[in-house]
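Have a look at the structure below before the remarks.
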Amino acid sequence: MHLGFLGAAGEVTGSCTLVESGDTRFLVDCGMFQGGPEARAKNLRTLNFGFDVRQIDFVLLTHAHIDHSGLLPRLAMLGYKGPIYATPATIDLLDVLLPDSAHIQEKEAEWQLRHRHRRGKDERGIPAPLYTVAQALAALQLLRPVSFGVSLAPASNVKVQFHDAGHILGSAWLEITVSGEGRPRKLVFSGDLGMPERPVLQNPEKPPAEADVLVVESTYGDRLHRSLAETEDEIVDAFERTRAAGGNLIIPSFAVGRTQEIIYLLADLVRRKRLFPLKVYVDSPMANAATRITLAHPELLDAETRELIAWQQKHPDQMKLEFVADVEASNALNEIRSGAVIISASGMCEAGRIKYHLRENLPRSECSVLIAGFQAAGTLGRRLVDGARLVHIFSQPVPVRARIYTVGGLSAHADQAALLDWLGGFHSAPRTCFVVHGEAGASATFAQAINERFGWPDVRLPAHGESFAR
Ligand SMILES: [Zn+2]
């Protein structure tokens with residue numbers, strides 16, 4: 017058996033592993049590289065295997081995030097026609113996320129074209145979009161649903177089970193048995209693992225007692241998250257101060273996962289009377305779709321969240337939720353001077369309706385911005401977190417007089433302690449453990465922590481493109 021690490025090795029995006037055993041070839045995830053000047057080149061290179069993509073038998077997808085799923089349309093565009101197995105909720109999310117990703121690629125290519133025309137140049141050398149909306153829709157046709165715990169046999173020598181990873185709706189870790197060459201081998205892919213005891217989703221399911229090969233994520237392998245109690249205190253503080261000052265509270269948020277987490281965290285704080293009754297506007301078509309999909313899968317939610325949804329529906333006066341659909345209604349929110357709570361995307365303030373809300377509210381000292389997600393270097397969100405007094409939105413200078421709150425404890429990823437606890441579920445050491453999906457430093461620190469805690473004999477940090485026989 018061979019494993020080839022085609023992405024998320026020494027970095028956090030581009031998850032894609034090629035597994036070959038006998039005549040069977042499959043991929044675990046097929047993610048897009050995001051951020052940084054080299055991302056496009058890497059995205060173009062990733063699916064050049066040295067053989068035809070039609071020789072891939074099937075694809076297993078851990079979850080819907082674009083850094084795990086975003087190259088599926090490209091795989092289909094290059095001629096892949098086989099099945100892509102994923103959970104039903106992952107498929108629902110991909111119906112929204114993949115066409116949106118394609119739309120962004122198309123817009124980017126159009127912008128490049130206009131930019132060149134303005135400078136009097138012709139169209140030669142303009143990069144085509146990675147894929148189009150039509151190609152994304154074609155890839156969606158290849159998706160096949162597999163529920164948690166069901167035993168799937170995608171090839172005569174391969175068995176697979178998807179287990180709840182508690183990271184985003186429908187997210188899975190995979191238990192794969194490959195037989196044929198000598199004794200059967202068990203592979204476990206963690207996918208992305210969620211933080212236990214956080215709102216909305218169930219805790220990650222425990223891993224099996226043993227495995228031959230484990231591929232584990234390490235996004236936060238070098239740090240610990242703040243506790244939920246501290247996070248709640250920070251949120252209450254931000255709401256109280258903004259209410260006293262008479263301004264609005266703006267929350268930039270990732271549409272999938274984080275928005276739903278914030279909605280139910282706020283509902284819980286209102287129910288416990290830590291916050292006054294609220295009216296919350298969710299102003300992002302993608303966040304609205306993701307919330308609708310979340311509500312359509314109550315079986316994936318934890319008991320507290322199901323109870324909270326029932327409470328919120330019974331007490332609409334306590335926590336009014338308004339999903340803003342059209343652009344006029346979104347613009348109308350800019351007229352509100354006081355008391356509005358607006359959750360909007362994108363999460364790092366780089367695109368989408370959040371930019372309008374920031375333009376209106378940042379110059380007003382009575383308003384606040386609550387930042388509850390990771391902000392990559394170079395983004396508008398990061399500049400706000402870093403205390404910029406002046407930012408540029410739509411090329412216009414905008415003074416920052418609003419108060420910026422950074423709330424640290426919400427993360428869709430397990431921290432180091434939670435990752436180690438999950439690994440503690442193995443009764444014996446996996447023969448080989450590959451640490452992936454982390455910045456180089458985080459992965460190395462996590463590999464060392466595994467050695468210190470468990471003393472596993474073979475813990476490796478695969479390099480991009482590296483291949484291993486096991
Ligand atoms: Zn993820």
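Once you know that position 191 of the sequence shown is 207 in this note's numbering, the rest is easy, because the numbers rise by one and skip nothing.
Cβ coordinates follow ideal geometry from the N, Cα and C atoms, glycine included.
Residue i in three-state terms, based on DSSP
i       : result
Asp-228 : coil
Arg-90  : helix
Arg-56  : helix
Ala-244 : Going by the sequence as given, residue 244 is Leu instead of Ala. Of the three classes helix, strand and coil, the one that applies to Leu-244 here is helix, per DSSP.
Ile-267 : strand
Ala-463 : helix
Pro-415 : strand
Ile-184 : coil
Val-149 : helix
Val-252 : helix
Val-401 : helix
Gly-23  : strand
Trp-189 : strand
Ala-171 : strand
Gln-499 : For the chain, the structure presents residues 17 to 486; residue 499 sits outside this window and is missing.
Thr-321 : helix
Lys-371 : helix
Glu-233 : strand
Asp-474 : coil
Asp-39  : coil
Arg-140 : coil
Gln-177 : strand
Thr-435 : Note that residue 435 corresponds to Leu in the displayed sequence, not to Thr. Helix at Leu-435.
Pro-200 : strand
Thr-33  : strand
Thr-395 : coil
Beta-carbon spacing of residue i, residue j below 8 Å
i       : j       : result
Leu-186 : Gln-177 : Reading the sequence as shown, one finds Gly at residue 186 and not Leu. Not in contact: Gly-186 and Gln-177 (Cβ atoms no closer than 8 Å).
Ile-107 : Val-75  : no
Gly-454 : Leu-22  : no
Ala-271 : Ser-300 : yes
Val-296 : Ile-359 : yes
Glu-197 : Gly-20  : no
Gln-15  : Leu-240 : The requested residue 15 does not occur in the structure, where the chain is confined to residues 17 to 486.
Val-204 : Pro-223 : yes
Ile-387 : Leu-337 : no
Phe-470 : Leu-435 : no
Gly-237 : Ala-458 : yes
Gly-47  : Ala-392 : no
Thr-275 : Ala-312 : no
Phe-255 : Leu-265 : yes
Val-174 : Val-194 : yes
Thr-103 : Asp-73  : no
Pro-268 : Ile-370 : yes
Pro-215 : Thr-321 : yes
Thr-62  : Leu-190 : no
Ala-144 : Ala-125 : yes
Residue from the options with nearest C-alpha to residue i
i       : options                               : result
Asp-138 : Pro-145, Gln-128, Leu-146 and Val-35  : Gln-128
Ser-384 : Gly-86, Ala-245, Leu-209 and Arg-375  : Arg-375
Tyr-147 : Phe-42, Ile-325, Arg-90 and Glu-191   : Arg-90
Ala-428 : Tyr-421, Phe-390, Gly-47 and Arg-447  : Phe-390
Phe-49  : Leu-87, Phe-42, Arg-290 and Arg-417   : Leu-87
Asn-377 : Ala-361, Phe-42 and Pro-415           : Pro-415
Thr-395 : Met-364, Val-357 and Arg-199          : Met-364
Val-44  : Arg-308, Pro-104, Thr-247 and Asp-83  : Asp-83
Val-401 : Val-423, Ser-381 and Gln-412          : Val-423
Ala-80  : His-183, His-18 and Arg-214           : His-183
Pro-115 : Arg-140, Leu-77, Gln-157 and Arg-134  : Gln-157
Phe-410 : Ile-120, Tyr-421, His-373 and Ala-392 : His-373
Ala-305 : Gln-334, Ala-361 and Arg-259          : Ala-361
Gly-441 : Arg-398, Arg-380, Glu-226 and Asp-180 : Glu-226
His-443 : Ala-261, Thr-310, His-133 and Trp-472 : Trp-472
Val-231 : Gln-464, Thr-307 and Val-451          : Val-451
Asp-474 : Ala-460, Pro-446, Ala-485 and Leu-110 : Pro-446
Gly-207 : Gly-30, Ala-319, Pro-161 and Tyr-96   : Gly-30
His-18  : Val-35, Glu-27 and Val-28             : Val-35
Ile-181 : Ala-152, Ser-483, Ala-345 and Pro-220 : According to the sequence as given, residue 181 is Ala; it is not Ile. The option with the nearest alpha carbon to Ala-181 is Pro-220.
Phe-42  : Leu-60, Arg-322 and Arg-70            : Arg-70
Ser-381 : Arg-419, Gly-368 and Arg-399          : Arg-419
Ala-155 : Gly-141, Cys-32 and Asp-111           : Asp-111
Gln-218 : Glu-277, Glu-250, Arg-130 and Glu-248 : Glu-277
Ligand 2 heavy atom lying under 7 Å from the CB of residue i
i       : result
Gln-128 : Among the ligands in the structure shown, ligand 2 does not appear; only ligand 1 can be found there.
is_contact[residue i, chain C] using C-beta, thresh 8 Å
i       : result
Leu-158 : Although the question refers to chain C, the structure presented lacks it and comprises just one protein chain.
Under 5 Å, CB to any heavy atom of ligand 1. Which residues pass, going along the chain?
His-81 and Asp-208
Taking only runs of the beta strand (DSSP E) that begin and end inside the stretch 323 to 369, which ones reach a length of at least 3 residues, in chain order?
335 to 339 and 357 to 360
Can you list the alpha helix (DSSP H) stretches of 4 or more residues lying completely in the stretch 272 to 306, in chain order?
274 to 287
If you scan the stretch 56 to 137 from start to end, which runs of the alpha helix (DSSP H) of 4 or more residues do you find wholly inside it?
At a cut-off of 4 residues, the continuous stretches assigned as alpha helix (DSSP H) that sit fully inside the stretch 56 to 137 are 82 to 85, 88 to 93 and 104 to 134.
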